[in-house]
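What follows is a set of notes on a single structure, which appears directly below.
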Amino acid sequence: VMSEERVIGVVTTEARIDPSPNRGECFFLPFTMSDVEGNVTVASGDKVSFQMATMQRSGNLVARTIRLENPAAPVKYQGVVNSIKESFGFIERADVVKEIFFHFSESGNEDIALGDDVEFTIQTRNNKEVACNITKLEPGTVIFEDVGSEYSKGQVLKPLDRHVGGDVSPRDVDPLPGRVKYRGADRSEIEVPFGEKDQLGDFTLRHGDWVKFLIAVDRRDKLRRATKIELLDESFEVSDERREQGLIESLKNGFGFLTCVDRDAKIFFHFSECLDVGRTLAIGDECEFTVTPDPDTLYVATRIKHLQKETIKFELIIHKNVFGEVQVPPAQSPETTGRITYELNNTLLEIPLRPKDFNFRKLVLSKGDFVVFDINQLKSTKETNAVNVRLIKDTNEAVESTSSSSSSDTEGNNAKSSTSTSPKQGYIAALKDGFGFIETLRRDKEIFFHFSNVEGKAEKLEVGTEVEYRLSGSSKEKKISAEKIRPLPKGSISPLEPSNDGVLNGKVVRTLRSVNPDQDCYAGLIRVCSEEGQ
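If you count by my numbering, then the sequence shown holds residues 6 to 539, one letter each, in order.
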């Protein structure tokens, strides 16, 4: 503060171009830590520059905006090189949350690389702090934070945006843009940030994902953040995320393509999207993943999780035990397909039959053969084909024509005609989807029938129902089936007369063919045993 009045005096010492600074006089100016610029520590003997100010209340002179120019005993600082350009870079300081500029010339003959632990001094040049006298330290010397050992479980509030770039400077971007919330020891909700290096892998995280992580505390400003973040399987179980399955078909440098189970297309993926970061990818690996739109490749697979071998199925059995008739027998060439007609939901349909879908060496099919098969569907294209094809044996058995009496062999004699004139009787032995079998009175065979040949409602038939039917087909062509099937009242068929031998003991030596379809005989066989079991 200058006085308003001018004072008259006499010059005692003339001014010189290079005068003595203060003619031997010393001025002691007080200052505080807040007056020091640049987060440095000044010590006794340090050369500094500053501005003088007068306290309004007391009128005393003080030092302000103090800058360290040349320390008497240089203070050593530590940090990690976190950015390198052509001839300069930046060091993240270990004492404060701040970066400092350096030039390669300050490292002497040492080659400075990204991530190196270094030690340096600080000088002010052109009113800016710079790192000088840089020397490399042993890796792991500089520690910024203390990482806990107990995992916490929480949910992602804000995932990382990995598309930030363009004209945005890295120093203008929040280094910890992600957010995770979790319950503290007192059950209160806590929110902590995280950055790109805090994930165990570079896979995509989504809002609401369940994760486990460790808490890291910065030694400089005590900031808490989540680190070593792992995605939990629970994320897929509680979300509405659609997960798909497939096989790794090809691998390139850092990317590959997946064959999808439910899509007729190849899906692109980056290695970084694999959740198991320590796993080596191989062609044929079975995976589970999420498909998301991508402007470059239309779709891309993310959040890839490996599955156990033989987990995924590209095909699905959608109907079992369907009755059909062979219209075109398949040839032995794998390229040639046959055709089967069948009825499903009162609709006549047709399905291809390929030689590779059944054992054509053991099962020779002809036009008109009745078969039972399963309908297989390819998930990616919804195409269907017949598999597990079985020939209906009873329709291909010749009805023996013998000279025995008509009372014991009536069915065999009448089978020579297209449709027998005399009705037969029997019991419903089995019911399938759209067809069934009738057991003859002699209990030596089953006769095939289709529901369309039942008089009345076929849905009311039950196993054991007494029925009347007529035979259709030819013994010469060995195709016999039942037609004009009419349910009878219970008790219409006389039951077998029990023998006078009483209750016998026995041992089953041959099962019914319904238990063992590969046996030729229809009926089972019991060997009578004595009371001692012989």
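For glycine and all other residues, C-beta sits at the position ideal for the given N, C-alpha and C.
First through last residue of the beta strand (DSSP E) which encompasses residue i
| i | result |
| --- | --- |
| Ser-54 | 52–59 |
| Pro-357 | 352–358 |
| Arg-11 | Per DSSP, Arg-11 belongs to no beta strand (DSSP E) and is neither H nor E. |
| Phe-93 | 93–98 |
| Leu-212 | The displayed chain sequence assigns His, not Leu, to residue 212. Element bounds for His-212: n/a, residue is neither H nor E. |
| Asn-87 | 82–89 |
| Gly-511 | 510–515 |
| Ile-397 | That residue, Ile-397, is in no beta strand (DSSP E); it is neither H nor E in DSSP. |
| Thr-618 | Nothing about residue 618 can be reported from this structure: the residues present for the chain run from 6 to 539 only. |
| Pro-431 | Here residue 431 is Gly; the residue named in the question, Pro, does not match the sequence. It spans 429–436 - the beta strand (DSSP E) in which Gly-431 sits, taken as one unbroken run. |
| Lys-233 | 229–236 |
| Gly-283 | Run containing Gly-283: none; DSSP gives neither H nor E here. |
| Ile-5 | Any property of residue 5 remains undetermined from this structure, which presents the chain solely from 6 to 539. |
| Arg-69 | 66–75 |
Burial state of residue i (16 or more Cβ within 10 Å)
| i | result |
| --- | --- |
| Tyr-347 | buried |
| Asn-521 | exposed |
| Val-468 | exposed |
| Leu-210 | buried |
| Tyr-474 | buried |
| Pro-492 | buried |
| Asp-121 | buried |
| Ser-289 | Inspection of the sequence shows that residue 289 is occupied by Gly rather than by Ser. Burial call: exposed. |
| Gln-61 | exposed |
| Asp-151 | exposed |
| Phe-32 | exposed |
| Leu-119 | exposed |
| Glu-74 | exposed |
| Ser-427 | exposed |
Residue(s) in a DSSP beta bridge with residue i
| i | result |
| --- | --- |
| Gly-183 | Phe-199 |
| Val-305 | Phe-273, Thr-297 |
| Ser-486 | Phe-453, Ser-477 |
| Ile-322 | Asn-381 |
| Gln-204 | Ile-234 |
| Glu-330 | Thr-346, Phe-375 |
Nearest candidate by alpha-carbon position, reference residue i, set the options
| i | options | result |
| --- | --- | --- |
| Val-296 | Gln-313, Asp-525, Val-41, Asp-267 | Asp-267 |
| Asp-506 | Ser-535, Glu-42, Ile-498 | Ser-535 |
| Val-331 | His-212, Val-369, Asn-458 | Val-369 |
| Arg-447 | Lys-429, Gly-461, Gly-439 | Lys-429 |
| Asn-258 | Glu-249, Gln-250, Phe-274 | Phe-274 |
| Val-377 | His-455, Phe-319, Lys-103 | His-455 |
| Gly-145 | Gln-83, Val-161, Thr-129, Val-102 | Gln-83 |
| Phe-193 | Asp-238, Leu-237, His-324, Gly-159 | Here residue 193 turns out to be Ser, not Phe, going by the sequence shown. The residue with the shortest Cα to Cα distance from Ser-193 is Gly-159. |
| Ser-39 | Ala-99, Phe-55, Ser-63 | Phe-55 |
| Pro-335 | Arg-359, Asp-151, Gln-524, Leu-476 | Arg-359 |
| Val-392 | Lys-325, Lys-495, Gly-50, Phe-440 | Lys-325 |
| Ile-452 | Val-472, Lys-462, Glu-464, Glu-460 | Val-472 |
| Asn-594 | Glu-115, Gly-261, Asn-132 | What is shown of the chain runs 6 to 539, which leaves residue 594 out entirely. |
| Glu-235 | Val-80, Lys-217, Ile-317 | Lys-217 |
Range covered by the alpha helix (DSSP H) that runs through residue i
| i | result |
| --- | --- |
| Val-243 | 239–243 |
Three-state secondary structure (DSSP) of residue i
| i | result |
| --- | --- |
| Lys-465 | helix |
| Ser-193 | coil |
| Asn-458 | helix |
| Lys-361 | helix |
| Gly-39 | Looking at the sequence itself, residue 39 is Ser, so the reference to Gly does not match. Helix at Ser-39. |
| Val-123 | strand |
| Phe-109 | helix |
| Phe-276 | helix |
| Glu-388 | coil |
| Cys-526 | coil |
| Asp-290 | coil |
| Phe-149 | coil |
| Cys-137 | strand |
| Glu-155 | coil |
| Asp-223 | strand |
| Asn-381 | strand |
| Gly-441 | strand |
| Gly-251 | strand |
| Asn-132 | coil |
| Ser-477 | strand |
| Pro-492 | strand |
| Val-520 | coil |
| Asn-419 | Any answer about Asn-419 is weak, because its pLDDT of 41 lies below 50 and its placement is not dependable; what the coordinates show is given next. In this structure, Asn-419 counts as helix in the three-state DSSP scheme. |
| Gly-507 | coil |
| Glu-405 | Residue placement at Glu-405 cannot be trusted, given a pLDDT of 32 that sits under 50; what the coordinates show is reported in the next sentence. Three-state DSSP puts Glu-405 in coil, outside helix and strand. |
| Arg-447 | coil |
| Val-101 | coil |
| Thr-345 | As written in the sequence, residue 345 is Ile, which differs from the Thr given in the question. Three-state result, Ile-345: strand. |
| Ile-531 | strand |
Residue-level contact to chain C via CB, residue i, 8 Å cutoff
| i | result |
| --- | --- |
| Leu-321 | The question asks about chain C, but that chain is absent: this structure has only one protein chain. |
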